[in-house]
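Taken in sequence, the protein lines are chains A and B. Take the first sequence: its letter number 394 is residue 394 in the numbering used here, and every next letter is one higher. Take the second sequence: its letter number 101 is residue 101 in the numbering used here, and every next letter is one higher. Before any comments, here is the structure.
There are 2 protein chains.
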Amino acid sequence: MAAEKPLVSVTCTAPTNIAVIKYWGKRDEKLILPINSSLSVTLHQNQLKTTTTAAISRDFKEDRIWLNGKEEDVGHHRLQSCLREIRRLARKRRSGSDGDLVPLSYKVHIASVNDFPTAAGLASSAAGYACLVYTLAQLYGVESELSEVARQGSGSACRSMFGGFVQWHMGERPDGKDSIAQQVAPESHWPELRVLVLVVSAERKPVSSTSGMQTSVETSSLLKFRAESVVPGRMAEMARCIKERDFEAFGQLTMKDSNQFHATCLDTFPPICYLNDTSRQIISLVHCFNAYYGKTKVAYTFDAGPNAVIFTLEETVDEFVAVIKQVFPPEMNGDKFLKGLPVEPVELSEEVKSALPMEPFPGGIRYIITTQVGPGPQVLEEPQRQLLGPDGLPKPVS
Amino acid sequence: MAAEKPLVSVTCTAPTNIAVIKYWGKRDEKLILPINSSLSVTLHQNQLKTTTTAAISRDFKEDRIWLNGKEEDVGHHRLQSCLREIRRLARKRRSGSDGDLVPLSYKVHIASVNDFPTAAGLASSAAGYACLVYTLAQLYGVESELSEVARQGSGSACRSMFGGFVQWHMGERPDGKDSIAQQVAPESHWPELRVLVLVVSAERKPVSSTSGMQTSVETSSLLKFRAESVVPGRMAEMARCIKERDFEAFGQLTMKDSNQFHATCLDTFPPICYLNDTSRQIISLVHCFNAYYGKTKVAYTFDAGPNAVIFTLEETVDEFVAVIKQVFPPEMNGDKFLKGLPVEPVELSEEVKSALPMEPFPGGIRYIITTQVGPGPQVLEEPQRQLLGPDGLPKPVS
């Protein structure tokens, strides 16, 4: 009886990512194969991350999963795809001999928590599935192509398997073996780059991206054209912008690709509108600010919701945050409006103020998370950060 | 001395039109040649029209024009294009002999008034240039291809030269001689069709369509694709829908084409967003209402602004107006909320009400103009409706 080792567990964290060349539309719903390649920036886990503990034990009766402390159905098909794939890879690797490795027949318990503000509208499923797959791979000693497994949990999760700047090749094979993520540049490549998440007050829950992209593929002729004829050139151009740290071109292409993604949503029938009036005001503000300086100092991108993600360089963060506070005066107490990396208060010049052609919209932005490019998934060694106790059940939230 | 006939004048009215296959983008800015064909419905002049009086006299010292009672610069290049073209056609027609016709060397005075609510955001320039060209043609006895002349004033004006359902062929010739409008079906063809203009409270003046479409042509790859590969098929399909009075297909294609036009605006750089949150709520409401009935009973289209134009059939008008009043409770006194054709109050069933998934937005819609398909430009015979007095100056506004 292995009384001294009743439970083996691993705890890891994984990041979310924000696409600068957007993924929208699958050519295979089950394997999650996209109709175009995409490219993203991995956000730093100091500000936004998922933590997952996976444990196996001879005593576990069944596979179980807890998300943010609440037990969920482990039978969910995307979750099952990831579990099955990791166990298959583990079996293949061992070729019959178990050695010191954990037995594949044991059941697994999984606990996962996001530290994302729920309203942030960031792709928590990307971080979630990346973390799940990375943690299970650590537990079972699997080292092969993990992005392909994460992709089957949530398409954009494959890009969260790497830090820095990451491209997801759409691939060509029907079995998806070549639809994988690859690092374009590491997180250390462009240290001045900063990311601001502007969390907007949304009036309603938008269309889910899974059902939205399916309708787009079925109804939008512009999406088909974009995927086939626009994205390939943009992928190459975006990789060049990143490699050369060309913020002017990086920012412009990021904004254009976000706009084109939302254009294809509007061309969907019935149309999908993720941008609201506050999103549109942020878009105008960014173009105004850049026009004032005669160059691209800030760039926006929007995913399947009204929140803006702003790219800028370190030198511009303080001023642009002051501009945001000028146009969207915070309605809560000032301390909570700014989260993440420190931002210094700046007095805007009258010249800048008069270049912003808009009335203030108090409360239009709820808060800002300031972050930067970050690394890929990490193993946590500290036992106190494990999410499952010695009994294999989630620890009480402290 | 022709003392008995010091001034010869003609007064006409012309309609506006609303495109169901949208025109956006010129291949020739000066001649106003479009990058794609378009198709529109002429709105009835009982609700919305321009009236123009043009007069000539030996005593006039120069060409002059008054718009809505205010004198404007007659040197405006589009106005000059129309004047020059009409005079050229008149000269050509007369081939040397003036007969009873008015002398071409005399100067012209023009007065024009719109009865459009300024906030309606309807293409008053379409009605305005159509009326100008039609009136001048009457004055000078010109009968040839007038839509080609009106087009040079404002592109969509060429479609206002006819009643009913009108297509504007983009043409192929560099001189624009084949870029002309043509009636698809007369105003009597589909008597049940009704049009509701929903005037939305706009927070700001949108980008002008002239500059907007120029930027779109320069920057949107989706617009190019739409013009070349989508619109030709849609023109043929829309003509079929109209000929067969197939409201289901007419409504769906109208909505899809409006959405695709706005998609290309969003794909423009910097992006153009004509739709605001109220526009988006109207879009959702229309899809909800149609989903409730399991068929397309109402359809929206939006031009370069946030106001919706709704197509529906006579039998649905009263109920849909009641739905609008339910979701957008009028903030003004009830009498002024409804303009145009009479609408009967309807008590909505609880079932319909609960199918509308939205909270009420009081004041989101300022008022509704109910109208229908109407005829092309008309000559007014009544002297009291002339806009210029015997002295050739605008009559005081009564």
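Glycine is no exception: its CB is placed at the ideal position from the N, C-alpha and C atoms.
Please tell me whether I242/B has its Cβ less than 8 Å away from any Cβ of chain A. Here the question's residue 242/B lines up with position 242 in the second sequence. Not one chain A Cβ lies under 8 Å of I242/B.
In chain order, what residues of the same chain have a beta carbon less than 6 Å from the beta carbon of V207/B, not counting five sequence neighbours either side? As a first step, residue 207/B is located in the second sequence; it is residue number 207 there, counting from the start. Contacts found: I272.
Taking a contact to mean a Cβ-Cβ separation below 8 Å, would you say T254/A touches A263/B in this structure? Walking along the first sequence from the start, residue 254/A turns up at place 254. Walking along the second sequence from the start, residue 263/B turns up at place 263. Not in contact: T254/A and A263/B (Cβ atoms no closer than 8 Å).
When the cut-off is 8 Å and only beta carbons count, does V217/B lie next to chain A? Locating residue 217/B in the second sequence gives position 217, counting from the first residue. No, no contact with chain A.
Roughly how many angstroms separate the alpha carbons of A299/A and Q281/A, rounded to a whole number? Translated into positions along the first sequence, residue 299/A becomes position 299. Translated into positions along the first sequence, residue 281/A becomes position 281. The alpha-carbon atoms of A299/A and Q281/A are separated by roughly 14 Å.
Counting only Cβ pairs nearer than 7 Å, list the residues of chain A close to N36/B. Here the question's residue 36/B lines up with position 36 in the second sequence. The contacting residues do not exist; N36/B stays about 14 Å from chain A at best.
Kindly list the residues whose CB is nearer than 6 Å to the CB of N399/B, restricted to its own chain and excluding five residues on each side of it in sequence; keep chain order. Outside the shown range of chain B (1 to 398) lies residue 399/B, about which nothing can therefore be said.
In angstroms with no decimal places, state the Cα-to-Cα distance between I18/B and T371/B. Within the second sequence, residue 18/B is the residue found at index 18, counting from 1. Within the second sequence, residue 371/B is the residue found at index 371, counting from 1. Cα to Cα, I18/B sits roughly 12 Å from T371/B.
When you compare only the Cα positions, how much space is there between A355/A and S349/A? In the first sequence, the residue the question calls residue 355/A occupies position 355. In the first sequence, the residue the question calls residue 349/A occupies position 349. Each residue's Cα considered, the two are about 10 Å apart.
Neighbourhood of A3/A by C-beta distance below 6 Å, restricted to the same chain and skipping five residues each side: Locating residue 3/A in the first sequence gives position 3, counting from the first residue. Summary for A3/A: the model assigns pLDDT 45, below 50, so the residue's position carries little reliability, and this model does not support an answer.
Among L136/B, N259/B, A304/B, which has the Cα closest to the Cα of P270/A? Translated into the one-based positions of the first sequence, residue 270/A becomes position 270. Residue N259/B is the option with its Cα nearest to P270/A.
What alpha helix (DSSP H) runs, 4 residues minimum, are completely inside the region 70–146 of chain B? 77–94, 124–140
On the DSSP letters alone, give me the boundaries of the alpha helix (DSSP H) that A227/A sits inside. Locating residue 227/A in the first sequence gives position 227, where the first residue counts as 1. If you look at A227/A, you'll find it isn't in any alpha helix (DSSP H); DSSP assigns it neither H nor E.
Q152/B classed as buried or exposed, judged by whether at least 16 other C-beta atoms fall within 10 angstroms: Here residue 152/B refers to the residue found at position 152 when the second sequence is read from its first residue. Q152/B is buried by the Cβ-count criterion.
At least one CB of chain A closer than 8 Å to the CB of T254/B: is that the case? On the second sequence, residue 254/B is found 254 positions in, with the first residue counted as 1. Not one chain A Cβ lies under 8 Å of T254/B.
Span of the alpha helix (DSSP H) holding K325/A? Taking the first residue of the first sequence as 1, we reach residue 325/A at position 325. Segment 314–327, the alpha helix (DSSP H) holding K325/A.
With H, G and I counted as helix, E and B as strand and the rest as coil, what does DSSP make of V184/B? Start at 1 with the first residue of the second sequence, and residue 184/B comes out as number 184. V184/B falls in the strand class under three-state DSSP.
Name the chain B residues whose beta carbon is nearer than 8 Å to that of R280/A? Here residue 280/A refers to the residue found at position 280 when the first sequence is read from its first residue. Result: C273, N276.
Helix, strand or coil at S156/B according to DSSP, with G and I counted as helix: Residue 156/B sits at position 156 when you count from the first residue of the second sequence. Here DSSP, grouped into helix, strand and coil, assigns S156/B to helix.
Mind checking if F60/B is an interface residue toward chain A, Cβ cutoff 8 Å exclusive? One-based indexing of the second sequence puts residue 60/B at position 60. It does not; no Cβ of chain A falls within 8 Å.
Checking contacts by CB at 8 Å: is Q386/A closer than that to chain D? The structure shown contains no chain D; its protein chains are A and B.
Since V343/B is in the alpha helix (DSSP H), which residue starts that stretch and which ends it? Numbered from 1 along the second sequence, position 343 holds the residue referred to as residue 343/B. Note, V343/B: premise wrong, no alpha helix (DSSP H); not H, not E.
Rounded to whole angstroms, what is the Cα-Cα separation between E228/A and G25/B? For the purposes of this step, residue 228/A is identified with residue 228 of the first sequence, where counting begins at 1. For the purposes of this step, residue 25/B is identified with residue 25 of the second sequence, where counting begins at 1. If you draw a straight line from the Cα of E228/A to the Cα of G25/B, it is about 24 Å long.
For the beta strand (DSSP E) holding K22/B, just list the boundary residues, first then last. Reading the second sequence from its first residue, position 22 is the one you call residue 22/B. Looking at the DSSP string, K22/B is not in any beta strand (DSSP E), and its letter there is neither H nor E.
Cβ separation of P15/B and S160/B, assumed to be a contact under 8 Å, to the nearest whole Å: On the second sequence, residue 15/B is found 15 positions in, with the first residue counted as 1. On the second sequence, residue 160/B is found 160 positions in, with the first residue counted as 1. Indeed they touch by this definition, with Cβ atoms about 6 Å apart.
Specify the secondary structure class of A150/B as computed by DSSP and reduced to three states. Counted from its first residue, the second sequence places residue 150/B at position 150. Looking at A150/B - three-state DSSP - the assignment turns out to be helix.
Cross-chain neighbours of P270/B in chain A, by beta carbon under 7 Å: Here residue 270/B corresponds to residue number 270 of the second sequence, with the count starting at 1. Under the 7 Å cutoff, chain A gives H287.
If the cut is a Cβ gap below 9 Å, which residues of chain A does I283/B touch? Here the question's residue 283/B lines up with position 283 in the second sequence. Result: P270, P271, C273.
Does S201/B have its Cβ less than 8 Å from a Cβ in chain A? Position 201 of the second sequence, counted from the start, is the residue given in the question as residue 201/B. Chain A contact via Cβ: absent.
For H76/B, count neighbouring C-beta atoms within 10 Å of its own C-beta (all shown protein chains included) and say buried if the count is 16 or more, exposed if not. Position 76 of the second sequence, counted from the first residue, corresponds to residue 76/B. Classification for H76/B: exposed.
Does the distance from the CB of L43/B to the CB of G374/B come in under 8 Å? If you number the second sequence from 1, residue 43/B lands on position 43. If you number the second sequence from 1, residue 374/B lands on position 374. Yes.
Going by CA-CA distance only, name the one from K353/A, V309/A, P329/A, P362/A that's closest to L193/A. Residue numbering aside, residue 193/A sits at position 193 when the first sequence is read from its first letter. Out of K353/A, V309/A, P329/A, P362/A, V309/A has the C-alpha closest to the C-alpha of L193/A.
Under 8 Å between C-beta atoms, does D267/B make it to chain A? Within the second sequence, numbered from 1, the residue matching residue 267/B stands at position 267. Closer than 8 Å: yes.
Within 8 Å, strictly: CB atoms of A111/B and V133/B: On the second sequence, position 111 is the one that residue 111/B refers to. On the second sequence, position 133 is the one that residue 133/B refers to. No; because the gap between Cβ atoms is not below 8 Å, this pair is not in contact.
Once DSSP output is grouped into helix, strand and coil, what is the label at L285/B? Your numbering for residue 285/B matches position 285 in the second sequence. Reduced to three states, the DSSP call for L285/B is helix.
What's the call for A130/B, buried or exposed, on a 16-neighbour Cβ count within 10 Å? Residue mapping note: residue 130/B aligns to position 130 of the second sequence, counting from 1. It is buried - the Cβ of A130/B has at least 16 other Cβ atoms within 10 Å.
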